[in-house]
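Peer 1: With the sequence shown counted from 1, adding 182 to any position gets you our numbering.
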Amino acid sequence: MFRDPPAGLRENLLSSGALTLAMLVAASCGKPPRPEAHVKTSPPPAAELVLVQGSVVTLDGREPNATAVAIRAGRIIYVGSDAGALSLGGSTTKIIGLAGKTVVPGLVDAHMHLLSLGQKRSVIDLDGTTSLDEIRQKVGEAAKNAASGSWVIGRGWDQNDWTGKQKGQFPSAKDLDPVSQSVPVVLTRIDGHAAWANSKAMALAGIDKNTQAPAGGQILKRGGVPTGVFVDNAMSLVPAQVPMTSKPELKRAFRIAQDECLKAGLVEVHDMGIGPSELEALVELDEANELKLRVYALLDGGYDQLGTLLAKGPRVASEKRMLTVRGVKFFVDGALGSRGALLHEPYSDDSSTHGLLVTDLDFLEARARSAKEAGFQVAIHAIGDRGNTLVLDLFERVFQGDKSARPRVEHAQVIAPNDLARFGAMGVIASMQPVHATSDMPWAEARVGPLRIAGAYAWRSLLSSNATIAAGSDAPVEDISPIAGLFAAIARQDANGHPEGGWRPEERMTPIEALAAFTRGAAYAGFVENDRGKIAEGFAADLTVLDTNPLTAEPLKLKDAKPMITIVGGTIAWARPGADAPPKPPEKVAPKPVEPKPVEKTTPKTEPEKPVKETGPVKESDGETKTATSTSGRSLDPGF
């Protein structure tokens, strides 16, 4: 049952240029609002944007079968029928006919790296490479074209994706030297937790057999000699020598990343671990009105200048601004792929290591307290089961049951059984990236073994403990596409549909839980659940239009879904060509003329006259018209 829009707005239909509106209203099934009797009021301004003929997934529990949304001044002013929305329009209203496409609350990536995503095009992209030969070819071409004194930088290699004898084996500087002897090369692993350098880069950085790894880092060595691979905090020994990025280059990278996010259907991202120079560039972009994407930024908790930044207090975006800065991100351990994630027991495929504690716990707790006291949200990267235990213990000491601070664990990939229920009980947000599960599933169990894998990527277990999951991608570690994240959360399969039935399917999310993790959960993680995350009157007009309904599509069809329109604050920030076209006026179909049947001339037969019997009244057909009934599917709105 649709609610009528506010009274007094039908007069807008009488304004010039509103003929199409009137035709569409007349043709739609809803009822226009009734003008209030005996009350003369000036009608509010007309809607600026109206979407009709769609399927609206509100996540609001109300208007579960809405087909239209009306927007004014960046806010949703109506959700309901086509007729109700159209009646709020005027001569300048932009009307979009969705032709059955699906509108969902604006999709949010709750964990990604905006600068790294934007810089991906300016470095060698090694994502998806399957051999050392393929990488050497890319590096060799870049080295030939490198300017004098410059470095060759790349990102995206993953030894677990390599084929043959190289699979799973860390590379070395000697693998790069033949194609780059005179040019320094640094290649960052796909997860950002290991760097691979050639001999020239190590020489410029002064690294030799006597170089010691800093606390929380590891230099891989063979026979006491560095191989060229540096894990976690040891990465700073080489990348620190790479020339700094200028502010114009930072801004360019942010613009590139913004465009990719909007094209993916994202209205907002949570940008993890930005430094002072990145913050300055983002602030300038925002104040110049160049940010079209909402950015919820978390400062890098490892910077020496953190105290100065905290003293300025949080920056919360106003109605006209897109940048919010009110979180700080810290690290407790490394990544599973490079065996840096901190485990209670040794790695199942390497008994010599438990992983890495990358930040001193006393230092981490002191900084977390400082961030909390300054009004900033605390988010800590934890992947291994011991890493997660340490972070939850720290949160107990720092927050002492205060759930209003909404502390976050970033990744929460491997969790000890006793810790699963602590997330919900303590009000700790699990900031998770569904695609990590499907990327890691070929080798994850080998890393942690059959017992610990039960607590890995445990979305269902966390939701059952009343934990809030805020979903993201960790881009550029994974694809920025939220569609890929939704598919991974629902199916737990790779793009080819493997394994059949999903990997550890008992931990899958339902379609509506997955969508909520990318909308309601992300909004809650950013303290804006009363303004964003659902489609309801009064909420910010952040919407994503998809060509497929994620709640009803078969999972393998969902992975091929495409974003069509991205609306941020009532503004169309991106649209696929033709997707924002006006609705087609209803076609008037002229009735077909009924052709008279030819009358056949026949000679009547002569029959003997029969006596007329008296009968009762002639019983005609009852003429009952069976009303066609329509069935609607069950409401898919969760009723939050």
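We treat Cβ as the ideally placed atom computed from N, Cα and C, and that holds for glycine. Fair warning: this is a prediction, and the values are worked out from it, not measured in the lab.
Classify GLY346 as helix, strand or coil using the three-state DSSP reduction.
Peer 2: Here residue 346 refers to the residue found at position 164 of the sequence shown. Helix, per DSSP.
Peer 1: Which one of GLY509, ALA383, LEU444, ASN342 has the shortest CA to CA distance from GLY288?
Peer 2: On the sequence shown, residue 288 is found 106 positions in, with the first residue counted as 1. Comparing Cα-Cα distances from GLY288 to each of GLY509, ALA383, LEU444, ASN342, the minimum goes to LEU444.
Peer 1: Since LYS320 is in the alpha helix (DSSP H), which residue starts that stretch and which ends it?
Peer 2: For this step, residue 320 is matched to residue 138 along the sequence shown. Element bounds for LYS320: 314-327.
Peer 1: Using the three-state DSSP reduction, which class does GLY566 fall into: helix, strand or coil?
Peer 2: In the sequence shown, the residue the question calls residue 566 occupies position 384. It is coil, neither helix nor strand.
Peer 1: If you draw a straight line from the alpha carbon of ASN247 to that of PHE709, how long is it in whole angstroms?
Peer 2: For the purposes of this step, residue 247 is taken as residue 65 along the sequence shown, with counting starting at 1. For the purposes of this step, residue 709 is taken as residue 527 along the sequence shown, with counting starting at 1. Spanning the two alpha carbons is a distance of roughly 28 Å.
Peer 1: If we ignore side chains and look at the alpha-carbon of each, how far apart do LEU572 and TRP339 end up?
Peer 2: For the purposes of this step, residue 572 is taken as the residue at position 390 of the sequence shown. For the purposes of this step, residue 339 is taken as the residue at position 157 of the sequence shown. The straight-line gap from Cα to Cα measures roughly 30 Å.
Peer 1: DSSP three-state call for HIS680: helix, strand or coil?
Peer 2: Here the question's residue 680 lines up with position 498 in the sequence shown. DSSP places HIS680 in coil when its eight states are reduced to three.
Peer 1: Assign GLN595 to buried or exposed, taking buried as 16 or more other Cβ atoms, counted over all protein chains shown, within 10 Å of its Cβ.
Peer 2: By one-based count along the sequence shown, residue 595 stands at place 413. Counting Cβ neighbours within 10 Å, GLN595 comes out buried, since at least 16 surround it.
Peer 1: Alpha carbon to alpha carbon, how far is ILE253 from GLY751?
Peer 2: In the sequence shown, counting from the first residue as 1, residue 253 sits at position 71. In the sequence shown, counting from the first residue as 1, residue 751 sits at position 569. One C-alpha to the other measures close to 9 Å.
Peer 1: Tell me whether SER647 sits in a helix, a strand or coil according to DSSP, three-state version.
Peer 2: Within the sequence shown, numbered from 1, the residue matching residue 647 stands at position 465. Coil, per DSSP.
Peer 1: Pick helix, strand or coil for THR370, following the three-state DSSP scheme.
Peer 2: To locate residue 370, count along the sequence shown from 1; it is residue 188. Three-state DSSP puts THR370 in a strand.
Peer 1: CA-CA distance, VAL365 and MET417?
Peer 2: One-based indexing of the sequence shown puts residue 365 at position 183. One-based indexing of the sequence shown puts residue 417 at position 235. So the two alpha carbons sit approximately 19 Å from each other.
Peer 1: Just curious, the beta strand (DSSP E) that GLU450 is in, first and last residue?
Peer 2: On the sequence shown, position 268 is the one that residue 450 refers to. Its beta strand (DSSP E) spans residues 448-456.
Peer 1: According to DSSP, simplified to helix, strand and coil, what is ILE747?
Peer 2: Against the sequence shown, residue 747 aligns to sequence position 565. Looking at ILE747 - three-state DSSP - the assignment turns out to be strand.
Peer 1: Tell me which same chain residues have a C-beta within less than 7 Å of the C-beta of ALA603, skipping the five on either side of it?
Peer 2: Start at 1 with the first residue of the sequence shown, and residue 603 comes out as number 421. Around ALA603: SER647.
Peer 1: At 4 residues or longer, and completely inside the segment 484-514: list those alpha helix (DSSP H) runs for me, N to C.
Peer 2: Taking only runs of at least 4 residues, the alpha helix (DSSP H) segments lying wholly in the segment 484-514 are 488-493.
Peer 1: Looking at the structure shown, is ARG404 part of a helix, part of a strand, or coil, going by DSSP?
Peer 2: Walking along the sequence shown from the start, residue 404 turns up at place 222. Of the three classes helix, strand and coil, the one that applies to ARG404 here is strand, per DSSP.
Peer 1: Rounded to whole angstroms, what is the Cα-Cα separation between LEU697 and THR284?
Peer 2: Within the sequence shown, the letter at position 515 stands for residue 697. Within the sequence shown, the letter at position 102 stands for residue 284. Using only the alpha carbons, I get a separation of about 13 Å.
Peer 1: Do ARG690 and GLY683 have their CB atoms nearer than 7 Å?
Peer 2: Taking the first residue of the sequence shown as 1, we reach residue 690 at position 508. Taking the first residue of the sequence shown as 1, we reach residue 683 at position 501. Contact flag unset, no.
Peer 1: Just to confirm the assignment, what range does the beta strand (DSSP E) spanning ARG634 have?
Peer 2: Your numbering for residue 634 matches position 452 in the sequence shown. Not the beta strand (DSSP E): ARG634 falls in the alpha helix (DSSP H), residues 626-634.
Peer 1: Suppose contacts are defined by Cβ-Cβ distances below 7 Å. Is ASP482 in contact with GLY447 by that definition?
Peer 2: Walking along the sequence shown from the start, residue 482 turns up at place 300. Walking along the sequence shown from the start, residue 447 turns up at place 265. Not a contact, by the Cβ cut-off of 7 Å.
Peer 1: For ILE253, which three-state DSSP category applies?
Peer 2: Residue 253 sits at position 71 when you count from the first residue of the sequence shown. Strand at ILE253.
Peer 1: Let's test the definition: count the other Cβ atoms within 10 Å of the Cβ of HIS680 and tell me whether it reaches 16, buried, or not, exposed.
Peer 2: In the sequence shown, residue 680 corresponds to position 498, counting from 1. By the neighbour-count rule (16 or more Cβ atoms within 10 Å), HIS680 is not buried but exposed.
Peer 1: Taking just the CA atoms, how far does TYR706 sit from ILE747?
Peer 2: For the purposes of this step, residue 747 is taken as the residue at position 565 of the sequence shown. For the purposes of this step, residue 706 is taken as the residue at position 524 of the sequence shown. Going from the Cα of ILE747 to the Cα of TYR706 covers about 24 Å.
Peer 1: Just to confirm the assignment: which complete alpha helix (DSSP H) runs, minimum length 4, are found wholly within the segment 576-626?
Peer 2: Segments of the alpha helix (DSSP H) lying fully in the segment 576-626: 602-608, 616-622.
Peer 1: Tell me the residue span of the beta strand (DSSP E) that contains ILE277.
Peer 2: Locating residue 277 in the sequence shown gives position 95, counting from the first residue. Residues 276-279.
Peer 1: Any contact of the segment 577-594 with the segment 627-637, i.e. 3+ C-beta pairs under 8 Å?
Peer 2: No: the two stretches stay apart, fewer than three of their Cβ pairs being nearer than 8 Å.
Peer 1: How big is the Cα-Cα spacing for LYS326 and GLY566?
Peer 2: Walking along the sequence shown from the start, residue 326 turns up at place 144. Walking along the sequence shown from the start, residue 566 turns up at place 384. C-alpha separation (whole angstroms): 41 Å.
Peer 1: With DSSP as the reference, label PRO790 as helix, strand or coil.
Peer 2: The count along the sequence shown starts at 1 and reaches residue 790 at position 608. Confidence in PRO790 is poor, its pLDDT being 43 and thus under 50, which makes the residue's placement unreliable; the coordinate value appears in the next sentence. Three-state DSSP puts PRO790 in coil, outside helix and strand.
Peer 1: Have a look at VAL239 and LYS403 and give me their C-alpha separation to the nearest angstrom.
Peer 2: Position 57 of the sequence shown, counting from 1, holds the residue named residue 239. Position 221 of the sequence shown, counting from 1, holds the residue named residue 403. If I take the Cα positions, the gap works out to 54 Å.
Peer 1: From the DSSP output, in three-state form, read off PHE352 for me.
Peer 2: As a position in the sequence shown, residue 352 is number 170, starting the count at 1. DSSP places PHE352 in coil when its eight states are reduced to three.
Peer 1: Can you give me the C-alpha to C-alpha distance between LEU314 and ALA324, rounded to a whole angstrom?
Peer 2: Numbered from 1 along the sequence shown, position 132 holds the residue referred to as residue 314. Numbered from 1 along the sequence shown, position 142 holds the residue referred to as residue 324. Answer to the nearest angstrom: the Cα atoms are 15 Å apart.
Peer 1: Determine the closest residue to VAL234 out of PRO225, PRO227, GLY271, with distance taken between C-alpha atoms.
Peer 2: Here residue 234 refers to the residue found at position 52 when the sequence shown is read from its first residue. VAL234 has its Cα closest to that of GLY271, out of PRO225, PRO227, GLY271.
Peer 1: Just the C-alpha distance for LYS382 and LEU432, rounded to the nearest angstrom, thanks.
Peer 2: Stepping through the sequence shown from its first residue, residue 382 is reached at position 200. Stepping through the sequence shown from its first residue, residue 432 is reached at position 250. Rounded to the nearest angstrom, the two C-alpha atoms are 27 Å apart.
Peer 1: Of the residues PRO664, ALA435, GLU547, ALA640, which one's Cα is nearest the Cα of SER304?
Peer 2: Position 122 of the sequence shown holds residue 304. For the residues PRO664, ALA435, GLU547, ALA640, the minimum Cα distance to SER304 belongs to ALA435.
Peer 1: For GLU695 and VAL413, what's the separation of their Cα atoms in angstroms?
Peer 2: Position 513 of the sequence shown holds residue 695. Position 231 of the sequence shown holds residue 413. Cα to Cα, GLU695 sits roughly 35 Å from VAL413.
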